[in-house]
Amino acid sequence: MKQIFIAIAVLLTGFNVQAISEYEFVERLKNTHPFFEQQALSSQIKQVEKHLTSANEDWIVAIDSNYKNEDAGSISSSTYNKLDTTSVDVSATRKLADSGSDITFKHTWKDKSKDVDTTRNKFSLDYTYPLLRNRNGVNDQLDGDVAQIAIDKNTLDRLEQEEGFILKKLKRFVDLAYAQEQQLINERRLVLAEQELNLVKQKFAASVVDKVDVLLQEDAYQRAQQQLLQAQQDLTLLRHEIAITLALSFNQVVAKMDLYKAYIAKDTQSLSSTRVLKITTLDQKTLKRQLRSFKNESQAKLDLNLGLVSDGENTNYSNSLENQSTTWNVGLGLSYPLGGVKSSNNIKRAEIKLARLARYKQEQLLDLNVKAVTLKEKINLLMKMLKSNKKQIAIAKARTVEEKARYANGSGQASFVISAQNNEQNAQLGYAQVATNYQKAVLDFKATIDQLVR
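Be aware that the sequence shown starts at 368, since it is given in the working numbering, and climbs by one per residue.
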């Protein structure tokens, strides 16, 4: 039964516009509604946050200057009486997160004057490499790794939120299709009521029927008119709502949708790969990454220290640069916090959170299975109801024909004809309402199995 297309034809004739399909509705919604711009901005924020995690790898440049005036005339062990010392230290330090190491370049210039005239220039390169704690930069890279997981999670979160938003708006689109169908059914009922009223008036003028038949038909006509006005109100308000939502003119809002189109529900065995479960999996991945660092932080801090120094001293700056002596050094640094309260409790907390997330994921899968199975069964039952409604409409139409024939032969009553026509109208409205519920159940099922937005 394709009555909805008749309704669309009527609306298109009245407004001379192109109807909107479900696909066009969703595309228009994505292109115009600020909700989607907001979602895109949230993703940009996550990208910026990821870049911020690399701030610990910035070069740190430092300058330290100092001037000292000494009067050592009263100190017997001193080899000078007066001495002015000027020193400037310039250094550049950077952390290499990939390896967890630190590197420092430094230049020290020190000038002594008055009783002692010497200038010293020192260039040094220091490198520290972790052998246990923070080995391979496991702790330095933690924030960056977690931020990347957050980006992946945000991608899924966006799809999930967009799906929920589109689902809500698509249900209003289905309501629009139903409102169009409802108006069409009520228009046809009003036309029939008017035809019957004119016929009864003619019969009454010919003294074939009583005044009560005329009054019954007039009452039926008024009721049909009131129902049509209510249907027109519902449709008008809904069209205004959707027009504002999609940034369209009122006349452009006409739904092109077959309310009675059947849908074959897909198998629900692949629910373990749905977005909500993938989001929880990423939460687990974040905790596992943190746990890895917590366990590493519980180890002793053992660093390999390498150094290279070029040092020169002379009476002036240029000579001190020319006369340089080179030294190098290698060493190990070891430290370990006794008790390890912070690291041990961080490990315990992360492990408990992981265990809780595992149970939560099982609960999510259970809820998804319940929802998918019940929605699938609901779709099947609603389809059976649609078939029953279709038969009911055929019976109601046949009854109307019979009651009109009996009334025309004088063996029936006007009230029976009106009742039959009302029953036919109610059957058609019931059919459309069940179809509306069916299409909404299909949308809910698609959203549950991630088929509505991909």
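In this text, a Cβ means the ideal position worked out from N, Cα and C, and glycines have one as well.
Would you tell me roughly how many angstroms separate the C-alpha atoms of residue i and residue j, rounded to the nearest one?
| i | j | result |
| --- | --- | --- |
| Ile375 | Ala544 | Note that Ile375 scores 47 on pLDDT, short of 50, meaning its location in the model is unreliable and no value can be drawn from it. |
| Phe783 | Tyr774 | 8 angstroms |
| Glu563 | Leu583 | 10 angstroms |
| Glu854 | Tyr703 | Here the chain has residues from 368 to 821 only, and residue 854 is not among them. |
| Thr653 | Glu404 | 27 angstroms |
| Ile371 | Glu730 | Note that Ile371 scores a pLDDT of 44, beneath 50, so its modelled location is shaky; the value from the coordinates is reported in the next line. Each residue's Cα considered, the two are about 41 angstroms apart. |
| Lys369 | Lys628 | With a pLDDT of 44 at Lys369, under the threshold of 50, the modelled position of this residue cannot be trusted, and the question is left open. |
| Gly797 | Thr803 | 10 angstroms |
| Lys645 | Leu626 | 33 angstroms |
| Asn672 | Ala717 | 33 angstroms |
| Lys771 | Ala587 | 15 angstroms |
| Arg642 | Trp695 | 56 angstroms |
| Val740 | Ile816 | 11 angstroms |
| Arg461 | Ile427 | 6 angstroms |
| Gln508 | Gln691 | 39 angstroms |
Out of the options, which has the shortest C-alpha to C-alpha gap to residue i?
| i | options | result |
| --- | --- | --- |
| Gly504 | Asn663, Ala761, Glu680, Leu810 | Asn663 |
| Lys536 | Leu701, Lys397, Gln691, Asn793 | Lys397 |
| Ser410 | Gly467, Asn488, Asp524 | Asp524 |
| Val581 | Ala781, Leu688, Lys709 | Ala781 |
| Val393 | Lys743, Gln549, Phe540 | Phe540 |
| Lys655 | Gln619, Asp678, Asn713 | Asn713 |
| Asn681 | Trp476, Asn423, Gly777 | Trp476 |
| Arg556 | Asp542, Leu526, Ala591 | Ala591 |
| Ala794 | Asn776, Gln759, Gln806 | Gln759 |
| Ala514 | Leu604, Gln657, Glu608, Gly779 | Gln657 |
| Glu791 | Lys807, Ser778, Lys757, Gly777 | Lys757 |
Hey, would you say residue i sits closer than 7 angstroms to residue j, going by beta carbons?
| i | j | result |
| --- | --- | --- |
| Asp510 | Thr399 | no |
| Ser491 | Val676 | yes |
| Ala560 | Asp601 | no |
| Asp431 | Asp469 | no |
| Asn683 | Thr486 | yes |
| Thr647 | Lys728 | yes |
| Asn506 | Ser660 | yes |
| Leu733 | Asp650 | no |
| Leu799 | Glu548 | Note that residue 799 is Ala in the sequence shown here, rather than Leu. In this structure, Glu548 lies closer than 7 angstroms to Ala799 by Cβ. |
| Lys413 | Ile518 | yes |
| Lys623 | Ala386 | yes |
| Leu753 | Val801 | yes |
| Gly679 | Asp493 | no |
| Asn488 | Leu688 | yes |
| Thr452 | Lys473 | no |
| Gln593 | Asn553 | no |
| Ala610 | Val621 | no |
| Ser828 | Ala429 | What is shown of the chain runs 368 to 821, which leaves residue 828 out entirely. |
Is the region 656-673 touching the region 493-504 in the sense that three or more CB pairs, one from each, lie closer than 8 angstroms?
Look at the beta carbons and you see the region 493-504 touching the region 656-673: at least three pairs across the two are nearer than 8 angstroms.
Between the region 781-799 and the region 736-750, are three or more C-beta pairs nearer than 8 angstroms?
Output reads no: the region 736-750 does not touch the region 781-799.
Would you call the region 756-772 in contact with the region 564-579, where contact means no fewer than 3 C-beta pairs closer than 8 angstroms?
Output reads no: the region 564-579 does not touch the region 756-772.
Just checking, does the region 798-814 make contact with the region 624-635 on the three C-beta pairs under 8 angstroms criterion?
The region 798-814 vs the region 624-635: in contact.
At what residue ranges does the region 575-619 contain a whole run of the alpha helix (DSSP H), taking only runs of 4 or more?
Complete alpha helix (DSSP H) runs here, min 4: 578-613.
Uninterrupted beta strand (DSSP E) stretches inside the region 628-705 (no shorter than 3 residues):
For the region 628-705, whole beta strand (DSSP E) runs of length 3 or above, ordered along the chain, are 668-681, 692-702.
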